[in-house]
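Numbers given in our numbering equal positions in the sequence shown, counted from 1, plus 34.
Cβ coordinates follow ideal geometry from the N, Cα and C atoms, glycine included.
Note that this is a predicted model, so its numbers are computed, not measured.
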Amino acid sequence: MSLPLNIEDFDQNETLKRGSMTSFSEKLKSAIQRTGGCLCVGLDVDLAKLPAGISKDPQGALTFCRAIIETTKDLAAAYKPNMAFFESLGTTGMEVLESLRAAIPSDALLVMDAKRGDIGNTSQAYAKAFYENMKSDSVTLSPYMGKDSIEPFLNYPGTCSFVLCLTSNPSSADFQLQTLQNGQKLYQWVARTAAGWANGQKGEVGLVVGATQTQYIKDLRQLVPDTVFLVPGVGTQGGDLQGVLKEGRAKNGYGILVNVSRQVLYASSGSDFASAARREAQKLVDEMKPYFK
Numbered sequence: 035m036s037l038p039l040n041i042e043d044f045d046q047n048e049t050l051k052r053g054s055m056t057s058f059s060e061k062l063k064s065a066i067q068r069t070g071g072c073l074c075v076g077l078d079v080d081l082a083k084l085p086a087g088i089s090k091d092p093q094g095a096l097t098f099c100r101a102i103i104e105t106t107k108d109l110a111a112a113y114k115p116n117m118a119f120f121e122s123l124g125t126t127g128m129e130v131l132e133s134l135r136a137a138i139p140s141d142a143l144l145v146m147d148a149k150r151g152d153i154g155n156t157s158q159a160y161a162k163a164f165y166e167n168m169k170s171d172s173v174t175l176s177p178y179m180g181k182d183s184i185e186p187f188l189n190y191p192g193t194c195s196f197v198l199c200l201t202s203n204p205s206s207a208d209f210q211l212q213t214l215q216n217g218q219k220l221y222q223w224v225a226r227t228a229a230g231w232a233n234g235q236k237g238e239v240g241l242v243v244g245a246t247q248t249q250y251i252k253d254l255r256q257l258v259p260d261t262v263f264l265v266p267g268v269g270t271q272g273g274d275l276q277g278v279l280k281e282g283r284a285k286n287g288y289g290i291l292v293n294v295s296r297q298v299l300y301a302s303s304g305s306d307f308a309s310a311a312r313r314e315a316q317k318l319v320d321e322m323k324p325y326f327k
């Protein structure tokens with residue numbers, strides 16, 4: 035399968051977006067000011083859920099995602115491809131990602147949802163893959179192996195490495211809410227420790243905080259007032275958008291991305307899927323706007 039990719043257009047866009055050493059937080063602030071909200075559209079492209087008229091294959095995935103990006107580009111501060119869905123397409127999945135990377139506007143952020151985290155030399159290779167080859171602005175990471183598994187990602191100016199902290203899945207309590215010997219919850223220890231890893235580094239550290247954990251978001255924000263939060267779980271998973279926005283913004287009034295996937299992507303299973311996706315995205319941004327005036 036050969037997918038169309040205009041490398042020249044991509045390089046020009048990336049030069050505009052990444053040519054300066056603007057911090058990720060500043061790029062996020064600009065994206066929120068441009069769109070009026072902190073919406074991150076998750077590109078969790080499930081072939082079985084593609085709407086009528088779209089082929090259930092890699093080309094269909096590309097066509098679908100491009101239509102979603104085109105119809106939401108003035109509303110989305112960021113886009114978050116979930117690597118699992120593209121890797122499940124085989125080798126052509128990476129071609130689809132390359133083409134989507136070129137389709138994402140230069141003033142929108144690209145978050146790669148990969149949940150990587152491994153020993154130093156392996157993390158160096160992952161960091162090169164996501165930050166040099168894919169030219170992403172951020173990537174999600176697991177902190178379980180500690181500081182040296184995260185440090186290679188922090189060598190890239192203008193990026194933010196989002197560390198899993200307090201997730202929205204039902205089994206998150208198995209580890210994240212456990213109390214340590216020092217009296218802190220594990221998620222609190224992760225938040226403080228990971229935020230400290232950014233000191234003296236070129237890139238930023240952010241935290242993944244699930245929207246279904248609203249009761250803990252206020253606590254986390256007090257612990258790390260300046261750290262960027264990536265918040266999944268709004269929409270189909272039932273997270274409270276208003277609670278997240280009230281408690282989750284950073285000290286500067288920004289510093290938050292709320293990811294929504296299925297509510298936007300699969301708003302319609304018919305030929306009107308793109309316009310339906312836009313309507314859902316518009317509703318979300320309209321709810322967000324009062325918090326960013």
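Cutting at 7 Å between CB atoms, please list the residues of its own chain near A311, excluding the five before and the five after it. Sequence index remark: in the sequence shown, residue 311 carries index 277 (1-based). Within the same chain, A311 has close Cβ partners I102, T105, T106, V298, L299 and A301.
Helix, strand or coil, according to DSSP, for I88 in the structure here? Walking along the sequence shown from the start, residue 88 turns up at place 54. Of the three classes helix, strand and coil, the one that applies to I88 here is coil, per DSSP.
In terms of residue numbering, what span does the beta strand (DSSP E) encompassing E185 cover? As a position in the sequence shown, residue 185 is number 151, starting the count at 1. Element bounds for E185: n/a, residue is neither H nor E.
Work out the CA separation of R296 and K83 for me, nearest whole Å. For the purposes of this step, residue 83 is taken as the residue at position 49 of the sequence shown. For the purposes of this step, residue 296 is taken as the residue at position 262 of the sequence shown. If I take the Cα positions, the gap works out to 10 Å.
Local conformation of V57 per DSSP, three classes: As a position in the sequence shown, residue 57 is number 23, starting the count at 1. Before going on, a small fix: residue 57 reads as Ser here, not Val. S57 falls in the coil class under three-state DSSP.
Could you say if the segment 282-290 and the segment 215-232 meet the contact criterion of at least three C-beta pairs nearer than 8 Å? no
Run through the DSSP bridge pairs and tell me what Y194 is partnered with. On the sequence shown, position 160 is the one that residue 194 refers to. The sequence as given places Cys at residue 194; Tyr does not occur at that position. Looking at the DSSP assignment, C194 forms a beta bridge with S172 and E238.
Could you check where the beta strand (DSSP E) with I290 kicks off and where it finishes? Against the sequence shown, residue 290 aligns to sequence position 256. That run of the beta strand (DSSP E) goes I290 to V294.
Own chain, CB closer than 6 Å to S176, minus 5 neighbours either side, in chain order: For the purposes of this step, residue 176 is identified with residue 142 of the sequence shown, where counting begins at 1. Cβ within range, chain order: K149, G151 and L198.
In chain order, what residues of the same chain lie with their CB nearer than 7 Å to the CB of I88, ignoring the 5 residues before and after it? Residue numbering aside, residue 88 sits at position 54 when the sequence shown is read from its first letter. Cβ neighbours of I88 beyond the five flanking positions: G94, T97 and F98.
From this set, E314, K280, I290 and F187, which residue's C-alpha is nearest L143's C-alpha? Counting from 1 along the sequence shown, the entry for residue 143 is found at position 109. Taking only the C-alpha atoms, the option nearest L143 is I290.
Separation of D171 from S57, as counted between CA atoms: Mapped onto the sequence shown, residue 57 falls at position 23. Mapped onto the sequence shown, residue 171 falls at position 137. Those two C-alpha atoms are separated by around 10 Å.
Among M168, T201, K169 and S183, nearest to I153 - alpha-carbon criterion: Counting from one through the sequence shown, the residue named residue 153 turns up at place 119. Comparing Cα-Cα distances from I153 to each of M168, T201, K169 and S183, the minimum goes to S183.
Ignore the nearest five residues each way along the sequence and tell me which others in K323's own chain have a CB closer than 7 Å to its CB. For the purposes of this step, residue 323 is taken as the residue at position 289 of the sequence shown. These residues qualify, in order along the chain: G70 and G71.
How would you label E166, buried or exposed, when you count the other beta carbons within 10 angstroms and need 16 or more for buried? Here residue 166 refers to the residue found at position 132 when the sequence shown is read from its first residue. So E166 ends up on the exposed side.
Determine which residues share a DSSP beta bridge with D147 and list them. Taking the first residue of the sequence shown as 1, we reach residue 147 at position 113. DSSP output for D147 lists N116 as bridge partner(s).
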